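Shown next, in structure tokens, is the structure this report addresses.
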Amino acid sequence: MIYRFRIILDTEEDIFRDIEIEQSASFEDLHNSITQSFGFDGTEMASFYVSDDEWTQGEEIALFDMSDAEVPLRTMQDTSLEQMLNQDQTRMIYVYDFFNLWTFFVELAEITEPDESVSYPNLMYVFGQIPAQAPETDFSGEESDQDADDFDDDDDPFDDDYDIEDYEGLDFDENWN
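Heads up: the sequence shown begins at 1 in UniProt numbering, then just goes up one per residue.
In structure tokens form, the structure reads like this:
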């Protein structure tokens with residue numbers, strides 16, 4: 001069987017690649033296909049993370065196991081796509097270059113029969129140009145409905161109405177030492 005993926009760069013602009021690859025291929029094969037399709041040289045560290053429907057980062061599948069934990073980390077070379085992905089588990093997060101944090105949403109869009117006339121992996125579709133620098137990523141986990149320009153001083157959680165020059169209203173001696 002063939003897995004068809006859409007790999008979307010986490011940015012405001014639409015930048016994605018559609019890739020076909022055998023279900024028996026390793027995550028290292030998918031990693032190589034992604035780096036080539038986006039024009040990276042493939043020499044930086046990278047990891048896939050199992051994800052749910054809300055794109056919550058889960059178990060890591062690393063390029064190399066550099067941990068010293070008792071339980072070894074899954075590695076891309078030793079993990080096949082079919083071990084981790086199926087019709088129920090379709091989403092992963094892919095992070096390339098841990099210094100710049102190029103972050104991609106990887107979604108298994110379709111499982112199909114192989115086409116004898118196609119060589120796999122196959123780059124099916126390219127949309128958008130990758131920027132010169134990795135987009136900034138917000139890892140806070142919180143979404144803000146307010147822009148900085150829309151911020152109302154009455155909503156400031158740090159506004160406690162204290163005048164730092166007024167020591168009379170404070171409950172300590174200003175010359176305590």
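Glycine residues also receive a C-beta, built at the ideal position from the N, C-alpha and C atoms.
In this text the structure is predicted, and so the values were computed from the model without any measurement.
Counting other Cβ atoms within 10 Å of its Cβ, Met66 stays below 16 and is therefore classed as exposed.
Between Met92 and Ser51, the beta carbon gap of about 5 Å places them in contact (Cβ cut-off 8 Å). Burial check for Asp10: the Cβ neighbour count within 10 Å reaches 16 or more, so the residue is buried. Taking the C-beta atoms as reference points, Val118 is found no nearer than 8 Å to Ser37.
Between Ser24 and Glu82, the CB-CB gap stays under 8 Å. In this structure, Glu60 is the residue among Glu60, Gln77 and Ser80 with its C-alpha nearest to the C-alpha of Val71.
Around Thr90, the same chain offers Glu107 and Leu108 as residues with beta carbons nearer than 7 Å, after the five sequence neighbours per side are excluded. Take Phe48, set aside five residues on each side of it, and the residues of its chain with a beta-carbon closer than 6 Å to its own are Phe27, Ile61, Met92 and Tyr94, in chain order.
With 16 or more other Cβ atoms from the protein chains shown falling within 10 Å of its own Cβ, Ala46 counts as buried.
If you look at Phe127, you'll find it in the beta strand (DSSP E) that goes Asn122 to Phe127. Closest in alpha carbon position to Arg4, among Pro121, Ala132 and Pro135, is Pro121. In the DSSP assignment, Gln57 falls within the beta strand (DSSP E) that extends over Gln57 to Ala62. Sorting Ile111, Leu63, Glu116 and Asp88 by C-alpha distance to the C-alpha of Thr79 places Leu63 at the top. It is roughly 20 Å from the alpha-carbon of Met76 to the alpha-carbon of Phe99. Listed in chain order, the non-local C-beta contacts of Gly39 below 7 Å within the same chain comprise Ile130, local neighbours out to five positions each way being set aside.
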